[in-house]
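The structure under discussion appears below in the form of structure tokens.
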Amino acid sequence: MAKATAAQRGLPALGTETGRLYVSLYFPALALDHWLRASQENYPLALYSGQRVVAVSSAARAAGVAEGMSVTSALALSPQLCLRVFEPEQGLHLLQNLAQWAYGFTPYVELDEPDFLHLEVASSLRLFHGQAMLLERMAQELSAWRCGVFIGLGPTRMVAKLLAKNQAVEAAPSLAEQQTAIAEQRLGVLLSALPVSRLDVSAALLKRLASAGFRQLGQLMALPLRELGQRFGKDAVAYLQLLCGQQEKPVSALALAPAFNQRLAFIYGLTDVAHLQEPLQVLLRQLQQFLRQRQLITQRICWCFCHEDKTQSQIIVAVQSAHSDTDEFYQLTGLKLENLSWSSAIAQVGLEALGLTSAAPVAKGLFRDMRDKSDDIERLINRFYQRFSAQQFYSYKLQAEYLPDRQQCQQLAFVSNKTKASSAVDLEVDHWLCPWLLHPPQALLMREKKLMWYSDGQRQELELMSRAVRFDSHWWQQRARRDYFIAKARQHYYSVFFCQQRRQWFMAGFYVC
Numbered sequence: 048m049a050k051a052t053a054a055q056r057g058l059p060a061l062g063t064e065t066g067r068l069y070v071s072l073y074f075p076a077l078a079l080d081h082w083l084r085a086s087q088e089n090y091p092l093a094l095y096s097g098q099r100v101v102a103v104s105s106a107a108r109a110a111g112v113a114e115g116m117s118v119t120s121a122l123a124l125s126p127q128l129c130l131r132v133f134e135p136e137q138g139l140h141l142l143q144n145l146a147q148w149a150y151g152f153t154p155y156v157e158l159d160e161p162d163f164l165h166l167e168v169a170s171s172l173r174l175f176h177g178q179a180m181l182l183e184r185m186a187q188e189l190s191a192w193r194c195g196v197f198i199g200l201g202p203t204r205m206v207a208k209l210l211a212k213n214q215a216v217e218a219a220p221s222l223a224e225q226q227t228a229i230a231e232q233r234l235g236v237l238l239s240a241l242p243v244s245r246l247d248v249s250a251a252l253l254k255r256l257a258s259a260g261f262r263q264l265g266q267l268m269a270l271p272l273r274e275l276g277q278r279f280g281k282d283a284v285a286y287l288q289l290l291c292g293q294q295e296k297p298v299s300a301l302a303l304a305p306a307f308n309q310r311l312a313f314i315y316g317l318t319d320v321a322h323l324q325e326p327l328q329v330l331l332r333q334l335q336q337f338l339r340q341r342q343l344i345t346q347r348i349c350w351c352f353c354h355e356d357k358t359q360s361q362i363i364v365a366v367q368s369a370h371s372d373t374d375e376f377y378q379l380t381g382l383k384l385e386n387l388s389w390s391s392a393i394a395q396v397g398l399e400a401l402g403l404t405s406a407a408p409v410a411k412g413l414f415r416d417m418r419d420k421s422d423d424i425e426r427l428i429n430r431f432y433q434r435f436s437a438q439q440f441y442s443y444k445l446q447a448e449y450l451p452d453r454q455q456c457q458q459l460a461f462v463s464n465k466t467k468a469s470s471a472v473d474l475e476v477d478h479w480l481c482p483w484l485l486h487p488p489q490a491l492l493m494r495e496k497k498l499m500w501y502s503d504g505q506r507q508e509l510e511l512m513s514r515a516v517r518f519d520s521h522w523w524q525q526r527a528r529r530d531y532f533i534a535k536a537r538q539h540y541y542s543v544f545f546c547q548q549r550r551q552w553f554m555a556g557f558y559v560c
């Protein structure tokens, strides 16, 4: 009879044979965290709906403010109390952002609105070198979000959720105790002491269970499922079966957000650029994780500042080649902030990533001294670009052109990138390729059979130092027949040519030696 009763109950091991491991994250105060997470201080904050307080921070609770209290009474108890309208969508938006963060641990993330996340991490344990390392890494990253959270661990979603929800209750099993109970296969003993009042069932069912004298979960687990169903209905049986793993909802993969757009709100407006440093770093860390998880890179980021007078201002930080180096974006943002001014305090800071593309593997040389230095050049160009507009900053590139004075092309420095540079034609550089060309070539004067060049109001006499080298090209367009020479003036060397068509001398460029 004992075996028949156990089979009838179907609850012998509380889901330890499911082959899954769930981590439930319980965020009891996301609406408050929306305002408090951007500040280092715990301000007395209360959220109200209508004329009643619906949520209070720990600092406000210490001052005597409680949920259900009228706004007038709350202000009488704490004159410094900061009041904000309760907007549930703010907490939901934060929960969705946390779900995107959780994708870094497993693709199986479920939102359980309004304050739970469930992660199935059994397949991720090997990647993170075991359960303890995964939970430690998760706790470290959660601390950067500055949201109040309780963590539950279990072989089923319902067990993990129940343990997380009871973390807020005094004398509830800690996360370390949960890990030990799972390892020693005595999770049933741990769960049996949990209060029935914390079960995730309807309020009507909780009332009926309390009226029947059930106080702990172990008392319910001792009843056969058939009798339990006859007394309390199918909902009680379905819950216990989900709790013990006899029934389980399918695990679904998280739908990733297509773009990055995060915001931080402040209780009290920011009035100084120095106050922005920490919020900017917080948002950039979230961007870095977003890019790393999805293996993306970005070429532009947009900072949006919402002010207390309802105005908005923006800063766009763009780089020459897309990358995922958020430290570089932070440095460039600092250059832009030097010119930022606003008429009222900043109440909200937002960050959006623009121009997202897939990241390609980058091969780097083994020896540092032999690596390509183009990254350093690009970083320099990026810093110039933060101070100048795209129309003010130019660079030059080599191009496949027969005539020496056309072998360099002026272009906007910012539109060039690694892809274009890598596809440039390799040219054989000889002494006729002048390192610094003039655009366009400047006309020279001939005085008493001597070449004269006027520069900065001063006249220089040029002496030809080489024989003529004739270039005859562009017969398919406008034929160019030119004789090129190396000339010297005041210890400097220049490239000059004589145009046969125009019968005139021109200065093509000068050498840097």
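In the numbering used here, the protein residues as written are 48 to 560. Quick reminder that beta carbons are idealized off the backbone N, C-alpha and C, glycines included. The model shown is predicted, which means the values in this text are computed figures rather than measured ones.
{"query": "Return helix, strand or coil for Pro451, following the three-state DSSP convention.", "result": "helix"}
{"query": "Under the rule that 16 or more other beta-carbon atoms within 10 Å means buried, what is Asn308, buried or exposed?", "result": "exposed"}
{"query": "If we count Cβ pairs, one from each stretch, closer than 8 Å, do we get three or more for the segment 145 to 154 versus the segment 115 to 127?", "result": "no"}
{"query": "Counting only the same chain and skipping the five closest in sequence on each side, list residues whose C-beta sits under 7 Å from that of Gln336.", "result": "Trp148 and Gly151"}
{"query": "Can you list, in chain order, the residues of its chain whose CB lies under 7 Å from that of Ala490, leaving out five sequence neighbours each side?", "result": "Gln551 and Phe553"}
{"query": "Give me, in chain order, the residues of the same chain whose beta-carbon lies closer than 7 Å to that of Cys546; leave out the 5 immediate sequence neighbours on both sides.", "result": "Arg529 and Phe553"}
{"query": "Closest to Ala240 by CA distance: which of Phe261, Gly177 and Leu289 is it?", "result": "Phe261"}
{"query": "Three-state secondary structure (DSSP) at Cys565?", "result": "This structure cannot settle anything about residue 565, because the visible part of the chain is limited to 48 through 560."}
{"query": "Quick check on the burial criterion: 16 or more other C-beta atoms within 10 angstroms. Buried or exposed for Lys467?", "result": "Annotation note: pLDDT 40 at Lys467 (below 50); position unreliable, coordinate value reported separately. Flag for Lys467 reads exposed."}
{"query": "Going by the CB atoms, is the gap between Trp389 and Ser368 shorter than 8 Å?", "result": "no"}
{"query": "Have a look at Arg99 and Ser258 and give me their C-alpha separation to the nearest angstrom.", "result": "31 Å"}
{"query": "Below 8 Å between beta carbons: does that hold for Val243 and Leu330?", "result": "no"}
{"query": "Under the rule that 16 or more other beta-carbon atoms within 10 Å means buried, what is Trp500, buried or exposed?", "result": "buried"}
{"query": "For Gly556, I'd like the list of residues in its chain whose CB is within less than 6 Å of its CB, leaving aside the five on either flank, ordered along the chain.", "result": "Cys481, Trp483, Leu484, Leu485 and Ser542"}
{"query": "Determine the extent of the alpha helix (DSSP H) in which Glu355 is found, giving its start and end residues.", "result": "Per DSSP, Glu355 belongs to no alpha helix (DSSP H) and is neither H nor E."}
{"query": "Which partner residues of Ile393 appear in the DSSP bridge assignment?", "result": "Leu317 and His354"}
{"query": "In whole angstroms, give me the CA-to-CA distance for Ala78 and Asp159.", "result": "16 Å"}
{"query": "DSSP puts Phe544 in a beta bridge; with which residues?", "result": "Tyr531 and Phe553"}
{"query": "Please report the straight-line C-alpha distance between Asp519 and Arg526, rounded to a whole angstrom.", "result": "7 Å"}
{"query": "Nearest-angstrom Cα distance between Gly66 and His165?", "result": "16 Å"}
{"query": "According to DSSP, simplified to helix, strand and coil, what is Asp519?", "result": "strand"}
{"query": "Kindly indicate which three-state DSSP category Asp159 falls into: helix, strand or coil?", "result": "strand"}
{"query": "Return yes when the Cβ of Glu114 is within less than 8 Å of the Cβ of Ala106, no when it is not.", "result": "no"}
{"query": "Measuring straight from C-alpha to C-alpha, what distance separates Asp80 and Pro91?", "result": "12 Å"}
{"query": "Out of Phe279, Asp247 and Arg278, which one is the CA nearest neighbour of Leu290?", "result": "Asp247"}
{"query": "Please state whether the Cβ-Cβ distance between Arg184 and Phe197 is less than 8 Å.", "result": "no"}
{"query": "If you reduce the DSSP assignment to three classes, tell me which class Gln263 lands in.", "result": "strand"}
{"query": "Return the Cβ separation of Asn213 and Ala219 in integer angstroms, given the expectation that the two are a contact with Cβ distance under 8 Å.", "result": "4 Å"}
{"query": "For Leu403 and Thr380, what's the separation of their Cα atoms in angstroms?", "result": "18 Å"}
{"query": "Give, in chain order, every unbroken run of the alpha helix (DSSP H) that is at least 4 residues long and sits entirely within the segment 112 to 178.", "result": "118 to 124 and 135 to 149"}
{"query": "Got a sec, what are the start and stop residues for the alpha helix (DSSP H) Leu93 sits in?", "result": "The residue you asked about is not Leu; residue 93 is Ala in the sequence shown. From DSSP, Ala93 is part of no alpha helix (DSSP H) but of the beta strand (DSSP E) over Leu92 to Ser96."}
{"query": "What residue range does the beta strand (DSSP E) around Tyr69 cover?", "result": "Tyr69 to Tyr73"}
{"query": "If you follow the beta strand (DSSP E) that Gln489 is part of, which residue opens it and which one closes it?", "result": "Trp483 to Ala490"}
{"query": "Under the three-state reduction of DSSP, which class applies to Met512: helix, strand or coil?", "result": "coil"}
{"query": "What is the rounded straight-line gap between the Cα of Leu323 and the Cα of Ala186?", "result": "26 Å"}
{"query": "Taking the alpha carbon of Ala300 as the reference point, which residue from Glu157, Gln457, Tyr377 and Gln454 has its own alpha carbon closest?", "result": "Glu157"}
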